[in-house]
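Novice: For the sequence shown, this note's numbering assigns the number 374 to the initial residue and increments by one for each residue that follows.
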Amino acid sequence: MEDTEKNERPGMTFQLTVDCVDPVRLVAFWGEALRYVPEPPPEGYASWRAYWEASGVPAEELPEGTGDLAESLVDPAGAGPRVWFQAVPEAKTVKNRLHLDLKVGGGRGVPLAVRRARVDSEVARLTALGASVLRVTDAPGGMDHYAVLLQDPEGNEFCVV
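1) Work out the CA separation of residue 451 and residue 530 for me, nearest whole Å.
2) Using the Cα positions of residue 525 and residue 414, report the straight-line distance between them to the nearest angstrom.
3) For the alpha helix (DSSP H) holding residue 523, just list the boundary residues, first then last.
4) Relative to the C-alpha of residue 587, which candidate in 423, 422 and 457 has its C-alpha closest?
5) Which of helix, strand or coil does DSSP assign to residue 458?
6) With H, G and I counted as helix, E and B as strand and the rest as coil, what does DSSP make of residue 505?
7) Fully enclosed by the region 411 to 472, which alpha helix (DSSP H) runs are 4 residues long or longer?
8) For residue 402, is the classification buried or exposed, using 16 other Cβ atoms within 10 angstroms of its Cβ as the cut-off for buried?
Shown next, in the form of structure tokens:
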């Protein structure tokens, strides 16, 4: 590939999209969990709904309540991806094929006891917000690994390590 072809490609970003029944509920949970903030509507618009309507999105694509409150989160530091909570009619029914790992332990350079304490502290914070613990992975035989598998309020699985 020639250099000119590489330079003609647009840059790429990505967002994480989470299908859910109640976007507002998950925005509240994941905003706290990730320490993200609700994404404000574009400048000049009172809500995302007002923006979408002005952009020509047909009314039938905007069910009642859609866009009235924030349905996406952004990293206030600008480092992490945007997270959009897309309303779908059905609840989660099977295991996630993709999940988040919230890395709070500090990595293998930190003593296991310290990592375990950090993970447990974060798990306590997240369960107080509405998460539930599914499983603790505490590798026997000195394998030096500790993680906790949780579910968010709609059953989406994620790990704290």
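We put the beta carbon where it would ideally sit given N, CA and C, even for glycine.
Specialist: So, from the data block:
1) Along the sequence shown, one-based indexing puts residue 530 at 157. Along the sequence shown, one-based indexing puts residue 451 at 78. Near 25 Å, if we compare the C-alpha coordinates of residue 451 and residue 530.
2) Position 152 of the sequence shown holds residue 525. Position 41 of the sequence shown holds residue 414. Cα to Cα, residue 525 sits roughly 25 Å from residue 414.
3) Counting from one through the sequence shown, the residue named residue 523 turns up at place 150. Taken as a continuous stretch (DSSP letters only), residue 523 belongs to no alpha helix (DSSP H), being part of the beta strand (DSSP E) at 519 to 524.
4) Because the chain here runs from 374 to 534, residue 587 falls outside it and cannot be looked at.
5) Position 85 of the sequence shown, counted from the first residue, corresponds to residue 458. In this structure, DSSP gives residue 458 an extended state, which the three-state scheme calls strand.
6) For the purposes of this step, residue 505 is taken as the residue at position 132 of the sequence shown. Three-state result, residue 505: strand.
7) 421 to 427
8) The residue you call residue 402 lines up with position 29 of the sequence shown. Under this definition residue 402 is a buried residue.
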